[in-house]
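S.K.: Take a look at the following structure, please.
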Amino acid sequence: MDWGLKNRLSRIIRPDGRTVMLAVDHGYFLGPTSGLEDAAKTIKPILSYADALMPTRGILRASVDASTDTPIVLRVSGGNSILDEDLSFEGITVAMEDAMRLNVSAVALSIYVGSPNQKKTLLNLTRLVDEGQRYGIPVLAVTAVGKNMGRDSRYLALACRIAAELGAHFVKTYYCEGFEKVVKTCPVPLVMAGGKKLPEMEALELTHNAIKRGAAGVDMGRNIFQSESPVAMIQAVRAVVHDNATPREAYDLFNSLKVSRKSPGKPKLKAVSASKEELGRH
Ligand code: 5RP
74 MDWGLKNRLS
84 RIIRPDGRTV
94 MLAVDHGYFL
104 GPTSGLEDAA
114 KTIKPILSYA
124 DALMPTRGIL
134 RASVDASTDT
144 PIVLRVSGGN
154 SILDEDLSFE
164 GITVAMEDAM
174 RLNVSAVALS
184 IYVGSPNQKK
194 TLLNLTRLVD
204 EGQRYGIPVL
214 AVTAVGKNMG
224 RDSRYLALAC
234 RIAAELGAHF
244 VKTYYCEGFE
254 KVVKTCPVPL
264 VMAGGKKLPE
274 MEALELTHNA
284 IKRGAAGVDM
294 GRNIFQSESP
304 VAMIQAVRAV
314 VHDNATPREA
324 YDLFNSLKVS
334 RKSPGKPKLK
344 AVSASKEELG
354 RH
């Protein structure tokens, strides 16, 4: 791996080998997703707690402060919408040249293994990897799962391994029974996708299970920005990912931070320890 590519990836996956990515790219096929109607307002208070932000090009330009230090993992695939029967027909939506102009730390695309558009999306991946290698930009492959496709370890291990074999520098996939098999057979770092909104404790348990079974972190959206307290939730997720907190400890932290918004309380875990500032980025 070239120095520039390694350097960009190391801004996303922190020195402890872990990352908390904040996904806000939902609008690329879902339109105004609940919690992201005013994306700028949602992103602003949580951005500094994320190790990386995953937006689309439009949201990045319109809704993210250009002075941020948070690395950007830019969603560069799309072309479909929730109105389509089959969501797998994606193309590349951003030229690598524009991604570089936007100073991104990585680009992300979805691959649809086993779908009618498997070949097209896998060739999208190889094209991005070739361009990424040329310019030092890492590529995140998101193993998207269609409506009628399973999310078991056999399928997800297949999709993640293919992504890695074709050159993805890191991979995002769903948690499943036997997740450790998916991690073990994927030779590049694997981050867990959050999925639909769960009660906070369950989302923290999911995060803990993924980390325990070898994930390098999470790329989580709705479970953070749809939380009753997104700022408290992202810090609780950080505590699990970076401080090895148990779900209970992280949930207590969530509650103490949530409460402390009204009346400052003493968090059980030092919340600031999970922030970027303390990780020494500045
Ligand atoms: C869709 C994506 C999204 O970034 C991601 O799934 C959204 O995050 P979450 O599911 O946690 O809300 O990659 O393919």
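Using the numbering used here, you'd call the opening residue of the sequence shown number 74 and step up by one each time. Glycine is no exception: its CB is placed at the ideal position from the N, C-alpha and C atoms.
Closer than 6 Å is what we want: which residues have a beta carbon that near any heavy atom of the ligand 5RP? List them in chain order.
M.R.: Residues with a Cβ closer than 6 Å to any heavy atom of the ligand 5RP, in chain order: Ala96, Asp98, His99, Met127, Ser183, Val215, Ala217, Ala266, Gly267, Gly268, Met293, Gly294, Arg295, Asn296.
S.K.: Could you have a look at phenylalanine 243 and say whether DSSP puts it in helix, strand or coil?
M.R.: Correct three-state label for phenylalanine 243: strand.
S.K.: Taking the alpha carbon of proline 144 as the point to measure from, which residue in Ala305, Leu196, Ala125 has its own alpha carbon closest?
M.R.: Of the candidates Ala305, Leu196, Ala125, the one whose C-alpha sits nearest the C-alpha of proline 144 is Ala125.
S.K.: Would you list the one or two residues that DSSP bridges to glycine 151?
M.R.: Its beta-bridge partners are Gly164.
S.K.: Within the continuous beta strand (DSSP E) that includes serine 183, where are the two ends?
M.R.: Counting along the chain, the beta strand (DSSP E) containing serine 183 begins and ends at 179-184.
S.K.: For alanine 241, which option in Glu110, Leu213, Tyr122 has the closest C-alpha, if you only look at C-alpha atoms?
M.R.: Checked all of Glu110, Leu213, Tyr122; the closest Cα to alanine 241 is Leu213.
S.K.: Is the beta carbon of alanine 135 closer than 7 Å to that of valine 186?
M.R.: Cβ distance not < 7 Å, so valine 186 and alanine 135 don't count as in contact.
S.K.: Who pairs with threonine 216 in a beta bridge, going by DSSP?
M.R.: Paired residues: Ile184.
S.K.: Would the segment 104-111 and the segment 292-305 be scored as touching if the rule is three or more Cβ pairs under 8 Å?
M.R.: Yes: at least three Cβ pairs fall under 8 Å.
S.K.: Express the C-alpha separation of threonine 258 and glycine 76 in angstroms, rounding to a whole number.
M.R.: The residue you asked about is not glycine; residue 76 is tryptophan in the sequence shown. Going by the C-alpha atoms only, they are around 26 Å apart.
S.K.: Using the Cα positions of lysine 269 and leucine 201, report the straight-line distance between them to the nearest angstrom.
M.R.: Going from the Cα of lysine 269 to the Cα of leucine 201 covers about 28 Å.
S.K.: Could you spell out the range, first to last residue, of the alpha helix (DSSP H) harbouring alanine 232?
M.R.: Segment 226-238, the alpha helix (DSSP H) holding alanine 232.
S.K.: Which term fits leucine 103, buried or exposed, when burial requires 16 or more other beta carbons within 10 angstroms of its beta carbon?
M.R.: So leucine 103 ends up on the exposed side.
S.K.: CB arginine 148 to CB aspartate 98, shorter than 7 Å?
M.R.: Yes, the Cβ-Cβ distance between arginine 148 and aspartate 98 is below 7 Å.
S.K.: Assign methionine 74 to one of two classes, buried (16 or more other C-beta atoms within 10 Å of its C-beta) or exposed (fewer than that).
M.R.: When all chains shown are included, methionine 74 counts as exposed.
S.K.: Quick test of your reading: methionine 127 and leucine 175, contact by CB under 8 Å. State the CB separation rounded to the nearest angstrom.
M.R.: That belief does not hold up - the Cβ atoms of methionine 127 and leucine 175 are roughly 13 Å apart, past 8 Å.
S.K.: So valine 177 and valine 146 are in contact, right, with Cβ under 8 Å, and what is the actual spacing, rounded?
M.R.: The Cβ separation is near 7 Å, so the contact holds.
S.K.: Can you tell me whether leucine 330 is buried or exposed? The criterion is at least 16 other CB atoms within 10 Å of its CB, across all chains shown.
M.R.: Label assigned to leucine 330: buried.
S.K.: Indicate whether serine 161 and asparagine 197 have their beta-carbon atoms separated by less than 7 Å.
M.R.: Result no, Cβ atoms of serine 161 and asparagine 197 do not sit closer than 7 Å.
S.K.: Please report the residue range of the alpha helix (DSSP H) in which leucine 20 lies.
M.R.: Outside the displayed range of the chain (74 to 355) lies residue 20, so it cannot be described from this structure.
S.K.: Please report the straight-line C-alpha distance between alanine 236 and lysine 193, rounded to a whole angstrom.
M.R.: If I take the Cα positions, the gap works out to 13 Å.
S.K.: In whole angstroms, what is the alpha-carbon distance linking asparagine 317 and phenylalanine 243?
M.R.: Near 22 Å, if we compare the C-alpha coordinates of phenylalanine 243 and asparagine 317.
S.K.: Is lysine 331 near the ligand GDP, going by C-beta to nearest heavy atom under 6 Å?
M.R.: Of the ligands this structure carries, namely the ligand 5RP, none is the ligand GDP.
S.K.: Can you have a look at aspartate 292 and say buried or exposed, based on whether 16 or more other CB atoms are within 10 angstroms of its CB?
M.R.: The residue is buried, with at least 16 neighbouring Cβ atoms inside 10 Å.
S.K.: Along the alpha helix (DSSP H) that carries threonine 194, what are the first and last residues, could you check?
M.R.: From DSSP, the alpha helix (DSSP H) with threonine 194 extends over 191-208.
S.K.: How many angstroms separate the CA atom of valine 255 from the CA atom of arginine 227?
M.R.: Cα to Cα, valine 255 sits roughly 8 Å from arginine 227.
S.K.: List the DSSP bridge partners of valine 291.
M.R.: Note: valine 291 sits in a beta bridge opposite Val93, Met265.
S.K.: Are the beta-carbon atoms of isoleucine 119 and isoleucine 307 separated by less than 7 Å?
M.R.: Result yes, Cβ atoms of isoleucine 119 and isoleucine 307 sit closer than 7 Å.
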